[in-house]
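First comes the structure, then the notes that go with it.
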Amino acid sequence: CEISDSFRAEILQRGRWQKGTRIAVVTLASNWDSSFISINEAFRKLTNEDCIPIDSVTIHNPAYLDSLRRARFIYLGGGDQVLFMNRIVGTPVKKILQEAYQRGATIAGTSAGASVMSRLMVTGTSPRDSVSSTALKGIWHDAVDYATGLALLDSVIIDQHFVVRSRYNRLFTGMMDHPHCQAVGINESTAIVVQARRASVIGESQVIVLQKPKGIRQLQDGNLGAQKIELAVYLPGDSFSILQ
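If you're matching positions, the sequence shown starts at 1 in this note's numbering and goes up one per residue.
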């Protein structure tokens, strides 16, 4: 999706970016390392600084890994979240990002870059029938495939492009299969900023939150139901408690 300059500026403002601070741009979810070029140009318009490229080549370079380690602002680009996690196998990238988050660095992600932040990561594939490649026809047990993400957020399931791609069935399924989790669907050109167990909504659209299902039932054919589910639709400027 298109990310506006005002949206990027708000991310920088929320992350307390300061002049002279270089942004590490991680494009490991993309099949094209050249995706760094457009992201770098967009941020340079706002900061007058070139970003640090962290891609499929530079993650094997100790100097670039050291730059990522010292970065106070890290941006995770979009693409394929499974590709992202596969590419960091055998590298210290996951540990570096976890340590950066724990020490208070700002880690922002769009699309796949948002999905990888949770421990339970939606892969985008399903063993059941779909309306499209990512929108399920029904709400069924085990209809959503997961992998292990970066685990920056421990008890949250994140889905992206949520409203525009009608991924409601996928998020309902995930939340009822994992009722201890908080399911967060982030629409395009929208983000959540997590600070001290509070998530603030920024951008241009909505964030859908599903949580605390009661009376979950499953039929023999896999259909799932629940007697009660907390559902909220948050707008830019809103905030909510988040599970970690």
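Built from N, CA and C at the ideal position, the CB exists for glycine as well.
Distance check for residue j and residue i, CA to CA, integer angstroms please.
i: Trp32; j: Arg217; result: 43 angstroms
i: Ser205; j: Gln13; result: 19 angstroms
i: Arg8; j: Ala105; result: 17 angstroms
i: Gln227; j: Pro213; result: 7 angstroms
i: Val82; j: Ala29; result: 7 angstroms
i: Ile11; j: Ala108; result: 8 angstroms
i: Thr148; j: Met121; result: 6 angstroms
i: Ile52; j: Gly222; result: 47 angstroms
i: Ala191; j: Ser118; result: 14 angstroms
i: Arg167; j: Asn61; result: 38 angstroms
i: Ile88; j: Val116; result: 12 angstroms
i: Phe84; j: Ser34; result: 15 angstroms
DSSP beta-bridge partners for residue i?
i: Leu120; result: Thr148
i: Gln82; result: Note that residue 82 is Val in the sequence shown, not Gln. None; Val82 has no bridge partner.
i: Trp32; result: Answer is none; Trp32 lacks a bridge partner.
i: Gln160; result: Ile186
i: Trp140; result: Asn223
i: Gly203; result: Thr190
i: Gln218; result: Leu224
i: Val234; result: Rather than Val, the amino acid found at residue 234 in this sequence is Tyr. DSSP, once it has assigned bridges, lists Val207 as partnering Tyr234.
Quick one: what does DSSP say residue i is sitting in, helix, strand or coil?
i: Asp50; result: coil
i: Phe43; result: helix
i: Asn169; result: helix
i: Val57; result: coil
i: Gly77; result: coil
i: Gly109; result: strand
i: Pro246; result: Outside the modelled stretch of the chain, which goes from 1 to 244, sits residue 246, for which no answer is possible.
i: Lys228; result: strand
i: Leu153; result: strand
i: Ala71; result: coil
i: Gln98; result: helix
i: Ala24; result: strand
i: Arg198; result: strand
i: Ser241; result: strand
i: Arg87; result: helix
The ligand HEM heavy atoms versus the CB of residue i: any closer than 8 angstroms?
i: Pro236; result: With respect to small molecules bound, the structure shown includes none, and the ligand HEM cannot be examined in it.
Which whole-angstrom value describes the C-beta separation of residue i and residue j, a residue pair presumed to lie in contact below a C-beta threshold of 8 angstroms?
i: Ala100; j: Ile158; result: Actually they do not touch by this definition, with Cβ atoms about 18 angstroms apart.
i: Ile74; j: Ala24; result: 5 angstroms
i: Arg170; j: Leu136; result: 5 angstroms
i: Lys189; j: Ile39; result: Here residue 189 is Ser; the residue named in the question, Lys, does not match the sequence. Not really, about 15 angstroms apart at Cβ, beyond 8 angstroms.
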